[in-house]
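Asks:
Numbering (the working numbering), first residue to last: 35 to 611.
1) When you compare each of 539, 590, 439, 119 to residue 220 by their alpha carbons, which one comes out closest?
2) DSSP beta-bridge partners for residue 317?
3) Quick check on the DSSP output: what are the complete alpha helix (DSSP H) runs of length 4 or more inside the region 188-250, in order along the chain?
4) May I have the straight-line CA-CA distance separating residue 136 from residue 289, to the nearest angstrom?
5) Assuming residue 615 contacts residue 143 under a Cβ cut-off of 8 angstroms, what Cβ separation, rounded to an integer in Å, is found between them?
6) Rank 222, 181, 243 by C-alpha distance to the C-alpha of residue 191 and give the top, closest one.
7) Can you give the Cα-Cα distance for residue 343 and residue 379, rounded to whole angstroms?
8) Would you please state the rounded distance, in angstroms, between the beta carbons of residue 416 and residue 461? I believe it to be under 8 angstroms.
9) Would you mind reading off the limits of the beta strand (DSSP E) that contains residue 117?
10) Give the list of continuous alpha helix (DSSP H) stretches no shorter than 4 residues that lie fully inside the region 368-433.
11) If distances are taken between C-alpha atoms only, which option among 172, 88, 319, 296 comes closest to residue 138?
12) Ignore the nearest five residues each way along the sequence and tell me which others in residue 103's own chain have a CB closer than 8 angstroms to its CB.
13) CA-CA distance, residue 193 and residue 317?
14) Would you decide whether residue 425 is buried or exposed? Buried here means 16 or more other CB atoms lie within 10 Å of its CB.
15) Between which two residues does the alpha helix (DSSP H) containing residue 575 stretch?
16) Return the chain-ordered list of same chain residues with a C-beta closer than 7 angstroms to the C-beta of residue 428, the five sequence neighbours on each side being excluded.
17) Using a Cβ-Cβ cut-off of 8 angstroms (strictly less than) and excluding sequence neighbours within five positions of residue 431, which residues of its own chain qualify?
18) Excluding the five sequence neighbours on either side, which residues of its own chain have a C-beta within less than 7 angstroms of the C-beta of residue 481, listed in chain order?
19) I'd like the span of the beta strand (DSSP E) that includes residue 346, first residue to last.
20) Return the CA-CA distance between residue 477 and residue 548, expressed in angstroms with no decimal places.
21) For residue 231, is the classification buried or exposed, using 16 other Cβ atoms within 10 angstroms of its Cβ as the cut-off for buried?
22) Taking the straight line between their C-alpha atoms, what separation do you get for residue 591 and residue 439?
23) Within 10 angstroms of the Cβ of residue 332, are there 16 or more other Cβ atoms? Answer buried if so, exposed if not.
24) Taking only runs of the alpha helix (DSSP H) that begin and end inside the region 501-529, which ones reach a length of at least 4 residues, in chain order?
25) Under 8 angstroms, with one C-beta from each stretch per pair, do the region 319-329 and the region 366-374 reach the 3-pair mark?
26) What does DSSP give as the partner residues of residue 270 in its beta bridges?
27) Going straight from the alpha carbon of residue 612 to that of residue 301, what length do you get?
28) Short check: CB of residue 259 to CB of residue 239, under 7 angstroms?
29) Residue 153 bridges to which residues according to DSSP?
30) Which residues in the same chain as residue 250 place their Cβ atom closer than 8 angstroms to its Cβ, once the five residues preceding and following it in sequence are excluded?
31) I need the boundaries of the beta strand (DSSP E) containing residue 65, first residue and last residue.
32) On the criterion of 16 or more Cβ atoms from any shown chain inside 10 Å, does residue 70 qualify as buried, or is it exposed?
33) If you compare alpha carbons, which of 215, 270, 127, 225 is closest to residue 178?
34) Taking only three categories from DSSP, how would you classify residue 360?
35) Near residue 34, what residues of its chain come up, given a Cβ to Cβ distance below 6 angstroms and the 5 sequence neighbours on each side ignored?
36) Please say whether residue 275 and residue 206 have beta carbons closer to each other than 7 angstroms?
Given below as structure tokens:
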């Protein structure tokens with residue numbers, strides 16, 4: 035359908051029918067049964083879903099094995115969530131005041147999850163904050179909190195070729211060990227050729243088991259590649275394009291990569307030479323990227339949480355996630371590589387740096403100011419919103435109330451100004467004695483000032499906006515419909531008119547009586563009746579004028595302060611229908 039035909043079709047839509055949506059829904063709700071439905075977590079489908087995809091898991095260390103420079107921890111629970119070979123779990127660690135986490139690939143077979151356990155391998159790294167803590171503190175009986183299995187490095191027959199070339203570096207062997215075990219157990223069905231790169235022979239992890247698997251599983255083979263040694267039975271060098279071409283299958287194949295960040299930088303260039311389509315290459319989450327070059331600077335991050343706003347220190351050479359964790363703020367995260375999106379956070383202001391290699395945000399997130407704190411570094415003071423759908427609503431509601439007060443004040447000034455002019459014009463007609471006491475210019479200026487001051491006081495004291503919202507809510511009118519504008523304008527017009535005209539008539543009568551000689555006073559009504567008559571004379575015309583002004587101007591003032599635009603006859607603006 036062309037845009038012109040679409041516009042013609044939309045022009046025929048009766049937008050006014052949208053006024054009936056909310057009343058119809060309320061009527062339907064009123065007809066519903068009085069019994070409370072089952073809670074969401076009581077339905078069998080949701081129970082199964084929660085067991086397959088738990089928010090977190092509590093497990094216990096039941097066995098610890100030593101490897102060269104690493105340890106294997108067996109984590110057991112009654113029913114750990116199932117996983118695909120190659121996925122990881124994010125393990126929580128509380129170190130001092132810091133609550134942090136790290137992802138570790140599950141090295142056990144998916145079949146072992148049905149037996150009640152995972153196995154992860156933790157290698158000691160220089161200055162490793164969490165790995166050192168785990169290796170030094172975890173023992174049999176330690177309780178561990180971890181996430182459900184996550185990650186994209188797993189075999190998917192609809193996406194991947196049957197033949198997979200795995201490139202492993204150092205402790206990056208663990209997801210491939212899980213795949214080899216899964217092939218052995220019949221959980222997975224694909225051919226895996228593993229090129230395992232290490233610096234030296236003594237750094238090879240799981241050497242005996244890998245050899246045993248290669249000898250017993252026809253669809254698995256392993257090639258060891260040493261970068262710092264030359265030994266018989268081993269390839270020498272790096273996992274280059276030439277090395278891959280030497281061992282790749284003759285058929286179409288997929289490449290999986292897991293290892294340290296430096297390896298990824300190298301492999302991206304080598305794999306590009308193979309000419310494989312993007313869907314045939316999968317990288318495991320690479321971990322936190324290196325900080326940008328330059329002198330470390332100190333910044334302050336303003337953090338909006340669901341229930342409060344705080345300020346924390348930050349460094350330009352640390353990720354925003356690290357700064358949050360150092361300040362004791364526990365946030366959602368999994369991969370710590372910018373891939374999973376669990377830590378997605380709103381950036382309200384400030385400059386940031388995110389390495390291109392770790393940039394995996396959706397284009398809409400980039401456009402609307404969302405970041406992944408796990409791979410983002412501050413370049414200035416920042417203002418962010420963490421886990422703040424609720425917090426953002428609270429802030430927006432607070433901002434909305436400010437805008438409503440601003441609109442009420444502006445409308446009070448406009449209406450009061452017009453009323454001051456109108457009262458000054460009507461005084462000679464209704465109260466000639468008062469008009470004779472002042473020059474025309476003074477009469478206009480004094481009435482305008484008196485009206486505006488009174489209108490401002492009314493705007494601050496009387497909740498006219500709240501009354502207007504109550505009227506529109508009761509009538510099921512929604513902005514920016516004409517029905518909403520007509521109802522919402524009533525309190526603004528009537529409230530201001532009643533009080534301002536009351537004050538203006540009072541002052542006018544007092545001035546008139548103060549200048550009357552005694553004999554004239556004897557021939558006029560007493561003060562109260564005279565005041566009420568004067569007020570009634572002013573009330574009619576001023577009420578009409580103020581209401582017309584409110585109806586005509588309030589939509590445009592509302593738009594100017596950010597509350598919405600002029601009415602269009604329905605509850606949806608035609609430009610956005």
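Even glycine gets a Cβ: it sits at the ideal position worked out from N, Cα and C. Remember, predicted model here, so these are calculated numbers, not experimental data.
Replies: On the basis of the coordinates in this document:
1) 119
2) 291
3) Counting only runs of 4 or more, we get 208-219, 241-250.
4) 25 angstroms
5) The shown model of the chain, from 35 to 611, leaves out residue 615, and the question about it has no answer.
6) Distance check between residue 191 and each of 222, 181, 243 places 222 closest, using alpha-carbon atoms only.
7) 15 angstroms
8) Actually they do not touch by this definition, with Cβ atoms about 59 angstroms apart.
9) From DSSP, residue 117 is part of no beta strand (DSSP E); its letter is neither H nor E.
10) 397-401
11) 319
12) 157, 158, 237
13) 14 angstroms
14) Bear in mind that the predicted position of residue 425 carries a pLDDT of just 40, short of 50, making it too unreliable to give a figure here.
15) 561-594
16) Because residue 428 sits at a pLDDT of 46, beneath the cut-off of 50, its placement in the model cannot be relied upon, and the point is left open.
17) Caution applies to residue 431, whose pLDDT of 48 falls short of 50 and renders its modelled position unreliable; the value that the coordinates give is listed next. So the list is empty, once near-sequence residues are dropped.
18) The answer, listed in chain order, is 454, 457, 458, 538.
19) 343-349
20) 16 angstroms
21) buried
22) 12 angstroms
23) exposed
24) none
25) yes
26) Bridge partners of residue 270: 260.
27) Only positions 35 to 611 of the chain appear in this structure, which leaves residue 612 out of reach.
28) no
29) 108.
30) 218
31) Element bounds for residue 65: not the beta strand (DSSP E) but the alpha helix (DSSP H), 55-65.
32) exposed
33) Of 215, 270, 127, 225, the residue nearest in Cα terms is 127.
34) Here residue 360 sits in helix by DSSP.
35) Coverage of the chain is limited to positions 35 through 611, which leaves residue 34 absent and any answer about it impossible.
36) No.
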